[in-house]
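Notes follow once the structure below has been shown.
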Amino acid sequence: MMRPTWWEGYYHLGRAQFECEELEQAKTSLTTALALNPSNEQVQTELSNVEHELGRKSDKTISKEHYPLKWNI
Numbered sequence: 038m039m040r041p042t043w044w045e046g047y048y049h050l051g052r053a054q055f056e057c058e059e060l061e062q063a064k065t066s067l068t069t070a071l072a073l074n075p076s077n078e079q080v081q082t083e084l085s086n087v088e089h090e091l092g093r094k095s096d097k098t099i100s101k102e103h104y105p106l107k108w109n110i
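Spelled out as C-alpha cells, the structure:
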C-alpha cells in the first residue's frame with residue numbers, strides 16, 4: 038500500500054495507468070498527486086494529457102452514436 042501523502046507515488050501510478058489506457062483511474066491518481074503537490078508542473082501536464090485523451094474518447098463515442106457509417110470502405 039502506498040503512503041497517502043506520497044505525491045510521487047500517485048504521479049507514477051497515474052502515468053502507468055495512462056499508458057495502460059486506464060484513463061479514469063489515471064485521472065484519479067494524478068488529481069491526488071496534484072492535491073498533494075499543487076505547484077508541480079509535471080503533474081499538471083500529465084493530468085492535462087489525461088483529460089485531453091478522455092475528451093477525445095468521449096468525442097469518438099458521440100460521433101459513432103450520432104453519425105453512424107453508411108458505407109464500409
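Numbering (my numbering), first residue to last: 38 to 110. Think of the CB as a built atom: it goes at the ideal place given N, C-alpha and C, for glycine as much as any other residue.
Check: Going by DSSP, what residue range makes up the alpha helix (DSSP H) through S66?; Outcome: L60 to L73
Check: By the DSSP assignment, the alpha helix (DSSP H) with R52 in it spans what residues?; Outcome: W44 to E56
Check: Closest to E56 by C-alpha separation, out of K94, R93 and V87, would be which residue?; Outcome: V87
Check: Report yes if the CB atom of A63 is closer than 8 Å to the CB atom of Y47, and no otherwise.; Outcome: no
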